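Enquirer:
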Amino acid sequence: MKQTKFSLRFTVGGMFLLATILTTIVAVSLQYHFSKKIATEQTLSMLSMSSAELSEYVQDLESDAMNTAKLLASVSRTVDMATGEIDIRNILAESMVDNPLFYSIYIGSADNNFYQVINLNSSPLVRKKLLTEKSDRWVVIKITGSKEQRIRETYYYDDAFLLRELKATKSNYFPTERPWYITSNLDVVSKTKPYLFQHLKITGQTYSLAFTSKQGNKETHVLGIDIVLSSLAKKLSVSALNLGENSDVESFIYLKSGDVIASNRKNNDEIKIPVAKPLDLSPAQERILSSTMPIKMSNQNDWAPIDFTASGQPKGYAIDVMMLIADMTGIDFEFINGFSWAELVNKYKDGSLDGLHSLQHSNASNIVGIYSEPLYDLPFSFVTKDNRSDIRSYAELKGKKVAISSGWSIVPLLRRDFPSVELIEYPTLKAGFESVALGETYALLDSRAVLNAGLTQYFYQDLQLHQEVKTLNAGYSSTFHIVLNPKYDALIPIINLAIRNISQAQRQALKSKWMDNLGLMTGDIMIPYPELLILAKQKNLYGKIIERQIDGQARFVYISPIDVDASEFFTVIIPKEVIYSDVTKRVAVSIGITISIMLLILPLAWIFGGPIVRPIYQLRLQAQKIKNREYDSVEIVDTRIKEIWELSKSFTEMSLVLKKHEEAQEEFLEAFIKLIAQAIDDKSPYTAGHCNRVPELGMMLAEAAEQSNSRLFKDFKFTNVDEKREFRIAAWLHDCGKITTPEYIVDKGSKLETNYNRIHEIRARFEILWRDAEITALKQQLTTPADKVTIDAELVSKQQQLTDDFEFIATSNVGGEFMSNDKIARVKALSSQTWLRHFDDRLGLSPVEELAKVSASSILPAVEQLLSDKPEHIIKRERNVEFDPKHGIKMDVPEHQYNLGEIYNLTISRGTLTPEDRYKINEHMISTIKMLENLPFPPELSRVPRYASTHHETLKGTGYPRKLAAEDLSIPERILVIADIFEALTASDRPYKKAKPVSVAVDIMYKMALDQHLDIELFKLFLQSGTHVKYAQEYLKPEQLDEVDINKYLQPQQIDETDLNKKLTA
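In terms of the working numbering, the sequence shown is residues 12 to 1077.
So this is what it looks like as C-alpha cells:
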C-alpha cells in the first residue's frame, strides 16, 4: 500500500504544531474521560433519586392503601350500611382527600349492593372517561337491585357535595364476581394484579379487605381502594426521569416473574386498523340493539397474541375483531378479565358472563349457547424440546404426555379419539410451556400463532415450534367463534353480519399488528429482554449503572427494587449515546476552538520552513537527474546548512558510482545474451553462426533506415541509446527458444533421421531380401539343375530390381526433390514386400521403448513388411498444449508430438520435415515468447520480447506464432524479418545446404516481398543502401559475391509463385 507523503514545508509546519496538538489531545482526552465519568455519575444520581422517589411512591401508596383499607373497614363495621350512606360517603371522600392518588373507594356487599366514591382529582383520565364538568369534584356510583332489575345511579357532586346531576341506567355489574371481591379475606389486605375497571374502562389495581358489619343484618362486605396505573406510568416517562426527550430510553416496572406492570415503551397500538363503518340495519335490528344492555364478555389473561391483557388492558387480535364488530353494530362489550380461561368458562355457565369469544364449536363441547360464524382460523401446532423430531400427526404422541390449556372445548374430543395420549390440562399457557421445558410433558398443544408468541414472550431457547399439524387441523375445527347466552340469540345474526363485513384490508392490518410484530406486543406483557430477569436476581447490581449488551446493542442499565420484599423492580435502559451526547458536544466544541487557533498560526509555520525547504527542493532536482540517469549533470547544491550540503556532495559521489555500476551491469547482460546466442549456434550445425550474424545485419539495416530520406522512414529513429540497445538485444535473442528444440529435429537432414539415420535399417532389410533371393535361387538349382541358366538370369533381375528400389528409397530419404503422387504410390507399393524376422523385437528395449511397444509378442518367425507405420512410431503428447491468451499465439497444433512412421516420413512431399517436425521447430518461437516474457526487463528494454518473437510473421497474416498482419508490425520488427531471411539464405556454414550467392538470395527475397512475406519498401532500402553488399563483403565467402542488378527489383512486378516455391524448396 502506497503511503501518503508530505512536503518538507508541511512537515516543518506540522512539527511546529505537533506540540500544540499533543497538548490539546491530552487536555481534550482528559476532559472527555472525566466528562463521561461525571455524566455517568449524574445519570446514576438522577436515576437513584427517581428510583427512590418511585420506590417511596409505590411503598407509600401501598402502605396508605392498606392502612386506609384497614381503617375504613374498621370504621364501616360500626355504620349501618342501609341507613348511614351519607356517613359512609363522607368518610370515604375524606380518606381520598388525604390520599389524592386513590382513584376511588367502594364497598361491595354479599347481596351485590355496591357503593363507590370516585376522586375526580386523582387523574385527568378519570374526568375524561366520566365526562364530568369542571365544577365537579366527586362522583358517587350506587348499584342495587336483583339480577334483571339492577339499576346504576351516578351522582355528580361539587366540592361541597352539592348535587349537580343524577343519571340512572340499567346495570349488569355484580361486585361479587369481580377479582377484588373474590380474592379478599377478613385478615389481610389483598392486592389484585392489574385489571380493567368496569365503569371507567381503564386499568388499575385494587386493594381490598373483607369485613363484617356490626349493624343491621351483620352481613359480610368488602371494601376496595382503586389506584389507576396511568399515575404510575407517568413516573416512567423520560421527562419524569430527567433524561431529556429521547424516545430510545426505555423504563419498566415489572414483577420478579417478568410480568410488566407499567412502562414507557411504544406498543403496536400505533398500527391502526381501518375504521369500521356502521352496518345498514333494519328497524327491527335497531330496536334489538337499543334494548340490549352491555354484554359482559370474556377476556383471557395470557393467550397472546389473540386474547390477553397488558397491565389489565384487553389486547389482542380477537379484541380488535370484537371492537370492529362493536363499531359496526353499536353493541357495547364489557370485557371481564383477571380470571383464567377455565374460570371464565365457569362464570359463563353460572350466568356471571353473557358471552365468551375465541372458542371452538364442537358437538362434544359442554358450553351451551348460541354460536356465531367463525371470527378467525388458527391452525394447531406443537412446541417440544428442540431435539425432538417433527410431529406430523397427533397419533404419533401415543404413550406420551401432552400439555394443553384447561377449559379447551377440544379436550374431550382428543381424549375420546386418542385415549393412548395422556392429555394434561394446565391453568395457564406459561405453565404449559414450563412443563415442556422441565420435561414433565413431551409437547404443548395450542394454536401455532399463540405458541410462536409464547416462545418470544417467555424466552425459551431450548424449545422448538413445529409446523402445522395438517391431520389435526383436518380432523378438528380450528375456527374460533363467539358464544352468547341463549337470551341474546337475536344478536347473533347481527354479529354474523358484522363478521362478514370485516374487510380484507382490516384483516391484513390485524395480521400486521398482531402476527407480524410480536416484539412490540411482547413488551406489553412481559419484559422484552431476558437479560433483565437475570439482573433482577443479582442483588449486588441493585442501584448501579452497568453496561450490558441488550438486544445486540451496548446500553446502560439501571435496576432497583421498589418494594420491601424485592418482588417489583424499576429498570431503565439507556443507549450509551444518550448519556454521552452532552459530553460529545462539549468535546466537539473544544476541538473546533483548537482547530481555529491552529489555522491562525499555520502561516507562521509555513514561513519558518523556507530556509530548509529551498535547498531541499534543489537537492530533489539533482535526485531527479540521477533517476533519469543523467549522472554527468549532477551538481552540488550551495547551502549554509551543513547536513544538506554533505548530502548533496554524497549525491554527486553516488551518481558516479551508479554510472559505473550500470555500465558494468549492461556489459554483463550483453555478454550473457551473446553467451546464450553462441550456445544456440554451437548446439546445432544447422544454425551455426546465425544468432551472431542476424544482429549485425539487423543493426546495419536499422542504421540505413535511420539515415534514409524517404518519406516512409523519415519518422523512424532510435531516440536514444537505450532504444538502439533494446533492438540489438532483441536481435541477439530472436532464436533463444531454439535451446528447447531437440537437436535431431533441428539437424534433420533426411526424412528417416531421428537420433540416427534409419535408412541403414531399411538397407539391412534390402540386404535380407538380396540374400533371400540368392537362397531361393540356389534351392531351385538343387531341385532342377537343368534350369540353372534361367534361374541365374531371374536372380540377376531380382537383385537389380532390389538395387533400383533401394536407390529410389534412399533418394526419397534425402528430400531434395518434390515427391509426386506416383513416387508416393511406389513407396507404398514397395512397403508391401515382406521378410522373415526370427528374433523377438521386444528384447533389449529401454523402459520408454517398452511402454511404446503396444503389440504383443508374435510367433516366430514373424512376417515383417519392408516399410511400415507401426503404433510405436506414434509418440503422443504428455500434456495438452494450451496457449496463454495474453501472448496472442495462433498456431495449429498437430495431434501427436512425433510421428516416426517409415512410410509417413518417406512420403513427405517437400523437404525432410513432417507436420509434427515443422511444429516442433516453429515451437521455438513459443519458447522464445515464454522465456522472454518471464524475464524482468527494465522499462527501457520492455519491447525486447515483442521484437524477438515476430521475425516469422508476414505482412498478410500467414506467419507464426501470432499470425500478425502488416498493421501489427513495427519497422524494427520488419527489419528483423529481412535480416533473419537473408542470413539464412546466404549462410555457408550449414551442412544441409549450399550457401546461395547474393543474387539468388536477393531474387528469392524479392519474390517473397511481392507475396507480402516481408516489407517491400524495407527490401528496396536494403538494396538501395547497399546493406546487402556491406554485409556480404564482411561475412560471406568470395564466391558468393556476385553482381546484383538492383534496378530490376526497384520496379513493380508480378510474382511468379511457381518459381518462388522452387527456390524456397531448394
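Beta carbons are placed, not taken as given, at the ideal position from N, Cα and C, and that holds for glycine.
In this text, all values refer to a predicted model and were calculated from it rather than measured experimentally.
Which value, in whole angstroms, describes the spacing of the CA atoms of Leu877 and Ile750?
Expert: One C-alpha to the other measures close to 36 angstroms.
Enquirer: Helix or strand or just coil, what does DSSP make of Phe850?
Expert: Phe850: coil per DSSP, three-state reduction.
Enquirer: Does DSSP put Arg890 in a helix, a strand or coil?
Expert: Here Arg890 sits in coil by DSSP.
Enquirer: Per DSSP, what kind of secondary structure is His672 in: helix, strand or coil?
Expert: His672: helix per DSSP, three-state reduction.
Enquirer: Curious, which full-length alpha helix (DSSP H) runs of at least 4 residues does the segment 610-663 contain?
Expert: Taking only runs of at least 4 residues, the alpha helix (DSSP H) segments lying wholly in the segment 610-663 are 621-638.
Enquirer: What's the call for Glu717, buried or exposed, on a 16-neighbour Cβ count within 10 Å?
Expert: Label assigned to Glu717: exposed.
Enquirer: How do the segment 403-422 and the segment 515-527 stand: do at least 3 beta-carbon pairs fall below 8 angstroms, yes or no?
Expert: Result no; under three Cβ-Cβ pairs closer than 8 angstroms.
Enquirer: Classify Tyr628: buried if its beta carbon has 16 or more other beta carbons within 10 angstroms, exposed otherwise.
Expert: It is exposed - the Cβ of Tyr628 has fewer than 16 other Cβ atoms within 10 Å.
Enquirer: Does DSSP classify Leu1071 as helix, strand or coil?
Expert: Any reading at Leu1071 needs caution, since the residue's pLDDT is 46, under 50, leaving its predicted position unreliable; the model's value is listed next. Reduced to three states, the DSSP call for Leu1071 is helix.
Enquirer: From the DSSP secondary-structure annotation, give me the bridge partner or partners of Phe346.
Expert: Answer is Met308, bridged to Phe346.
Enquirer: Is it the case that the Cβ atoms of Ile236 and Phe113 are separated by a distance below 8 angstroms?
Expert: In this structure, Phe113 lies closer than 8 angstroms to Ile236 by Cβ.
Enquirer: Is the separation between the beta-carbon of Gln1044 and that of Ala1006 shorter than 8 angstroms?
Expert: Contact: no.
Enquirer: Roughly how many angstroms separate the alpha carbons of Lys1059 and Tyr1046, rounded to a whole number?
Expert: If I take the Cα positions, the gap works out to 25 angstroms.
Enquirer: Measuring alpha carbon to alpha carbon, tell me which residue in Tyr1017, Met339, Thr395, Ser571 is nearest Gln549.
Expert: It is Ser571 whose Cα lies nearest to the Cα of Gln549.
Enquirer: Would you please verify whether the beta carbon of Thr482 is less than 8 angstroms from any beta carbon of chain C?
Expert: Of the protein chains in the structure, only one exists, and it is not chain C.
Enquirer: Give me whichever residues DSSP pairs with Ala179 in a beta bridge.
Expert: For Ala179, which the question treats as bridged, DSSP gives the partners Glu164.
Enquirer: With DSSP as the reference, label Gly1086 as helix, strand or coil.
Expert: Nothing about residue 1086 can be read from this structure; the chain reaches only from 12 to 1077.
Enquirer: Using the Cα positions of Ile557 and Lys396, report the straight-line distance between them to the nearest angstrom.
Expert: Going by the C-alpha atoms only, they are around 34 angstroms apart.
Enquirer: I need the straight-line Cα distance from Val825 to Ser761, nearest angstrom please.
Expert: In a straight line, the C-alpha of Val825 is about 5 angstroms away from that of Ser761.
Enquirer: Could you tell me the boundaries of the alpha helix (DSSP H) in which Val200 lies?
Expert: Counting along the chain, Val200 falls outside any alpha helix (DSSP H), and DSSP gives it neither H nor E.
Enquirer: Can you look up Lys839 in the DSSP assignment and give me helix, strand or coil?
Expert: Three-state DSSP puts Lys839 in a helix.
Enquirer: Cα-Cα, which of Lys587, Ala221, Ile647 is closest to Thr194?
Expert: Cα-wise, what sits closest to Thr194 is Ala221.
Enquirer: Quick one: any contact between the segment 764-784 and the segment 731-746, if contact means 3 or more CB pairs under 8 angstroms?
Expert: These segments do not touch.
Enquirer: Give the range of the beta strand (DSSP E) segment to which Gly899 is assigned.
Expert: Element bounds for Gly899: n/a, residue is neither H nor E.
Enquirer: So, is Phe350 buried or exposed, given that buried needs 16 or more other C-beta atoms within 10 angstroms?
Expert: Classification of Phe350: buried, given that the 10 Å Cβ count is 16 or more.
Enquirer: Are there 16 or more other CB atoms within 10 angstroms of the CB of Thr918, so buried, or fewer, so exposed?
Expert: Label assigned to Thr918: buried.
Enquirer: Alpha carbons only, please: which of Asp428, Leu370, Leu290, Val648 is nearest the one belonging to Ile510?
Expert: Nearest C-alpha to Ile510: Leu290.
Enquirer: Suppose the cutoff is 7 angstroms on Cβ atoms and the five residues either side in sequence are ignored; what does the same chain contact list for Arg973 look like?
Expert: Counting only Cβ-Cβ distances below 7 angstroms, and skipping sequence neighbours, we find Gly899, Ile900, Lys901, Glu964.
Enquirer: According to DSSP, is Ile740 helix, strand or coil?
Expert: Three-state result, Ile740: helix.
Enquirer: Is the number of C-beta pairs between the segment 165-175 and the segment 116-124 that are closer than 8 angstroms three or more?
Expert: No contact exists between the segment 165-175 and the segment 116-124.
Enquirer: With DSSP as the reference, label Val568 as helix, strand or coil.
Expert: In the structure shown, Val568 sits in a strand (DSSP, three-state: E or B).
Enquirer: Would you mind giving the Cβ-Cβ distance between Gln633 and Phe662, rounded to the nearest angstrom? I have them listed as a contact below 8 angstroms.
Expert: Rounded, the Cβ-Cβ distance is 5 angstroms, consistent with contact.
Enquirer: For Asp313, name the three-state secondary structure that DSSP assigns.
Expert: The answer is strand: DSSP assigns Asp313 an E or B state.
Enquirer: In the DSSP assignment, find the unbroken beta strand (DSSP E) run with Ile264 in it and report its ends.
Expert: Run containing Ile264: 261-266, per the beta strand (DSSP E) assignment.
Enquirer: Assuming Ile802 contacts Gln791 under a Cβ cut-off of 8 angstroms, what Cβ separation, rounded to an integer in Å, is found between them?
Expert: About 5 angstroms; that satisfies the 8 angstroms criterion.
Enquirer: Does the contact criterion of 3 or more C-beta pairs under 8 angstroms hold for the segment 762-779 versus the segment 938-955?
Expert: Touching, no.
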